[in-house]
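Numbering (this note's numbering), first residue to last: 40 to 386.
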């Protein structure tokens with residue numbers, strides 16, 4: 040090959056390399072941080088195809104894990120999925136940006152009863168994603184009588200068959216409601232009493248779990264668990280012997296929503312993603328896959344009759360009359376941390 044030919048070849052190779060590198064660098068992207076097992080990944084692929092935006096997707100286990108990651112910095116997320124009380128805290132600490140609702144037209148599809156809640160008046164910062172309750176799920180072939188109360192989780196008869204949530208907020212809420220207290224109490228004596236109840240219960244508990252609770256209960260490796268209603272829907276689908284109940288003392292009514300952190304690099308892409316996730320067909324697809332409850336009436340109508348008519352996923356107003364929505368506990372978070380540390384360190 041002549042020197043001229045070799046030079047031309049090198050030029051073409053260099054240009055090709057630069058072109059490939061440029062394509063990678065120029066592709067817009069967003070970073071999404073969501074709960075584990077909380078989306079149909081086909082939805083992510085569909086968004087990428089429709090919008091030409093690459094999604095980098097990570098998961099967290101608790102609201103507190105999410106908060107620490109966001110507060111510490113070092114990771115830039117464009118869309119995150121906190122729960123109600125954490126949105127309240129993040130807003131107060133100026134960690135979120137206000138949404139441009141003109142870029143999220145599908146927000147108009149959301150049922151008004153899920154909007155303008157105390158944790159985000161006017162929905163300036165958040166768009167509802169899913170909602171539900173916390174309750175007891177149990178295997179009817181392993182338990183010989185219906186469970187109706189949080190107090191049932193303290194029954195010696197069920198020793199070694201109980202799974203609690205590995206969540207300080209949810210587990211303390213169970214004990215507080217059992218004692219007749221508000222799950223949002225600021226009373227230290229009431230919180231201490233709830234801790235003592237959990238300490239007393241601990242010898243009966245097989246494990247404190249997160250997402251793993253689903254497989255354990257479905258497989259029959261434990262008979263009773265405290266779960267979120269959406270997980271209960273999926274678990275009952277896999278094992279019809281399971282039953283879900285909202286305890287008579289009342290429980291938590293919760294909302295998870297999509298928000299944009301203050302350090303987001305691609306707010307425009309984030310709002311496109313939020314709007315896409317709020318589209319009825321996409322919300323229905325997610326709901327069918329994960330089992331949780333959509334706040335969008337049009338999406339609910341697209342579901343199978345089995346899910347659409349499920350009182351686990353869509354309880355009546357009467358069923359959720361005796362519920363509370365978590366409030367931000369920042370003013371007493373030290374007490375929560377102390378109590379949980381003492382509980383988990385108990386032998």
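Backbone N, C-alpha and C define an ideal beta-carbon position, used for all residues, glycine too.
(1) Hey, how far is the Cα of residue 349 from the Cα of residue 227?
(2) What number of angstroms, rounded off, separates the C-alpha of residue 291 from the C-alpha of residue 65?
(3) Quick one, are the C-beta atoms of residue 173 and residue 74 less than 7 angstroms apart?
(4) What's the call for residue 128, buried or exposed, on a 16-neighbour Cβ count within 10 Å?
(5) With which residues is residue 300 paired in a DSSP beta bridge?
(6) For the pair the stretch 176 to 190 and the stretch 276 to 290, tell me if three or more CB-CB distances fall below 8 angstroms.
(7) Which of helix, strand or coil does DSSP assign to residue 367?
(8) Let me make sure I understand the geometry here. Which of 195, 168 and 151 has the alpha-carbon closest to that of residue 322?
(9) According to DSSP, what are the bridge partners of residue 244?
(10) So is residue 80 buried or exposed if we call it buried at 16+ other beta carbons inside 10 Å?
(11) Can you look up residue 360 in the DSSP assignment and give me helix, strand or coil?
(12) Residue 208: buried (16+ other C-beta within 10 angstroms of its C-beta) or exposed?
(13) Apart from the five residues just before and just after residue 385, which ones in its own chain have a Cβ nearer than 8 angstroms to its Cβ?
(14) Among all the DSSP beta bridges, which residues are the ones paired with residue 93?
(15) State the beta-bridge partners of residue 171 as determined by DSSP.
(16) Determine whether the beta carbon atoms of residue 395 and residue 182 lie at a separation below 7 angstroms.
(17) Along the chain, where does the beta strand (DSSP E) containing residue 164 start, and where does it finish?
(18) By alpha-carbon positions, which one of 153, 230 and 196 ends up nearest to residue 210?
(19) Use the C-beta contact count for residue 137: other C-beta atoms within 10 angstroms, 16 or more gives buried, fewer gives exposed.
(20) Going by the DSSP bridge assignment, what does residue 98 pair with across the sheet?
(21) Buried or exposed: residue 258, going by 16 or more other Cβ atoms within 10 Å of its Cβ?
(22) For residue 331, which residues of its own chain have a beta-carbon under 7 angstroms away from its beta-carbon, when the five flanking residues on both sides are left out?
(23) For a test of the three-state rule: what should DSSP assign to residue 375, helix, strand or coil?
(24) Exposed or buried, residue 383, counting other C-beta atoms within 10 Å across all chains shown (16 or more means buried)?
(25) Would residue 365 and residue 69 be called neighbours here (beta carbons separated by less than 7 angstroms)?
(26) Is the stretch 120 to 135 in contact with the stretch 291 to 303, if contact means three or more CB pairs nearer than 8 angstroms?
(27) With burial defined as no fewer than 16 other Cβ atoms inside 10 Å of the residue's Cβ, what is the status of residue 360: buried or exposed?
(28) Give the straight-line distance between the Cα atoms of residue 379 and residue 90, rounded to the nearest whole angstrom.
(29) Measure the C-alpha to C-alpha separation of residue 306 and residue 254 and round it to an integer number of angstroms.
(30) Can you tell me whether residue 110 is buried or exposed? The criterion is at least 16 other CB atoms within 10 Å of its CB, across all chains shown.
(31) What residues in its chain sit with their C-beta under 8 angstroms from that of residue 293, if we drop five residues either side in the sequence?
(32) Pairs of beta-carbons, one from the stretch 143 to 162 and one from the stretch 323 to 342, closer than 8 angstroms: are there three or more?
(33) Rounded to whole angstroms, what's the CA-CA distance from residue 347 to residue 283? Just pull it up for me.
(34) I'd like to check one pair, residue 78 with residue 314: are the Cβ atoms closer than 7 angstroms?
(35) Measuring alpha carbon to alpha carbon, tell me which residue in 333, 163 and 368 is nearest residue 352.
(36) Flag this pair as yes or no: are the beta carbons of residue 304 and residue 115 separated by less than 7 angstroms?
Looking at the atomic coordinates:
(1) Locating residue 349 in the chain shown gives position 310, counting from the first residue. Locating residue 227 in the chain shown gives position 188, counting from the first residue. Answer to the nearest angstrom: the Cα atoms are 38 angstroms apart.
(2) Mapped onto the chain shown, residue 291 falls at position 252. Mapped onto the chain shown, residue 65 falls at position 26. Spanning the two alpha carbons is a distance of roughly 45 angstroms.
(3) By one-based count along the chain shown, residue 173 stands at place 134. By one-based count along the chain shown, residue 74 stands at place 35. Not closer than 7 angstroms, so no.
(4) As a working note, residue 128 is residue 89 in the chain shown. With 16 or more other Cβ atoms within 10 Å, it is buried.
(5) For the purposes of this step, residue 300 is identified with residue 261 of the chain shown, where counting begins at 1. Residue 300 pairs with 135.
(6) yes
(7) Taking the first residue of the chain shown as 1, we reach residue 367 at position 328. Coil, per DSSP.
(8) For the purposes of this step, residue 322 is taken as the residue at position 283 of the chain shown. That would be 168, whose Cα lies nearest to the Cα of residue 322.
(9) Position 205 of the chain shown, counting from 1, holds the residue named residue 244. BP columns for residue 244 point to 201.
(10) To locate residue 80, count along the chain shown from 1; it is residue 41. Result: exposed.
(11) Counting from 1 along the chain shown, the entry for residue 360 is found at position 321. Three-state result, residue 360: coil.
(12) As a working note, residue 208 is residue 169 in the chain shown. Label assigned to residue 208: buried.
(13) For the purposes of this step, residue 385 is taken as the residue at position 346 of the chain shown. Excluding residues within five positions, the ones whose Cβ falls inside 8 angstroms are 238 and 241.
(14) Taking the first residue of the chain shown as position 1, residue 93 is located at position 54. Residue 93 is bridged to 68.
(15) Here residue 171 refers to the residue found at position 132 when the chain shown is read from its first residue. In DSSP, residue 171 forms a bridge with 293.
(16) Only positions 40 to 386 of the chain appear in this structure, which leaves residue 395 out of reach.
(17) Here residue 164 refers to the residue found at position 125 when the chain shown is read from its first residue. Where residue 164 is concerned, there is no enclosing beta strand (DSSP E), given that its DSSP letter is neither H nor E.
(18) Stepping through the chain shown from its first residue, residue 210 is reached at position 171. Residue 210 has its Cα closest to that of 230, out of 153, 230 and 196.
(19) By one-based count along the chain shown, residue 137 stands at place 98. With fewer than 16 other Cβ atoms within 10 Å, it is exposed.
(20) For the purposes of this step, residue 98 is taken as the residue at position 59 of the chain shown. 73, per the DSSP bridge assignment.
(21) Taking the first residue of the chain shown as position 1, residue 258 is located at position 219. Exposed, by the Cβ-count rule.
(22) Here residue 331 is taken as the residue at index 292 of the chain shown, counted from 1. So the qualifying residues of the chain are 169, 171 and 269.
(23) Residue mapping note: residue 375 aligns to position 336 of the chain shown, counting from 1. Correct three-state label for residue 375: helix.
(24) Taking the first residue of the chain shown as 1, we reach residue 383 at position 344. Exposed, because fewer than 16 other Cβ atoms sit within 10 Å of the Cβ of residue 383.
(25) Numbered from its first residue, the chain shown carries residue 365 at position 326. Numbered from its first residue, the chain shown carries residue 69 at position 30. Result no, Cβ atoms of residue 365 and residue 69 do not sit closer than 7 angstroms.
(26) yes
(27) As a position in the chain shown, residue 360 is number 321, starting the count at 1. Exposed: under 16 other Cβ atoms inside 10 Å.
(28) On the chain shown, position 340 is the one that residue 379 refers to. On the chain shown, position 51 is the one that residue 90 refers to. For residue 379 and residue 90, the distance between alpha carbons rounds to 44 angstroms.
(29) Reading the chain shown from its first residue, position 267 is the one you call residue 306. Reading the chain shown from its first residue, position 215 is the one you call residue 254. Computed Cα separation, rounded: 37 angstroms.
(30) For this step, residue 110 is matched to residue 71 along the chain shown. Per the 10 Å Cβ criterion, exposed.
(31) Stepping through the chain shown from its first residue, residue 293 is reached at position 254. Once the five neighbours on either side are set aside, the close Cβ partners of residue 293 are 122, 123, 170, 171, 172, 173, 267, 364 and 365.
(32) yes
(33) On the chain shown, residue 347 is found 308 positions in, with the first residue counted as 1. On the chain shown, residue 283 is found 244 positions in, with the first residue counted as 1. Their Cα atoms are separated by approximately 16 angstroms.
(34) One-based indexing of the chain shown puts residue 314 at position 275. One-based indexing of the chain shown puts residue 78 at position 39. No.
(35) Working through the chain shown from its first residue, we reach residue 352 at position 313. Looking at the Cα atoms, 333 is the closest of the given residues.
(36) Locating residue 304 in the chain shown gives position 265, where the first residue counts as 1. Locating residue 115 in the chain shown gives position 76, where the first residue counts as 1. The answer is yes: Cβ separation under 7 angstroms.
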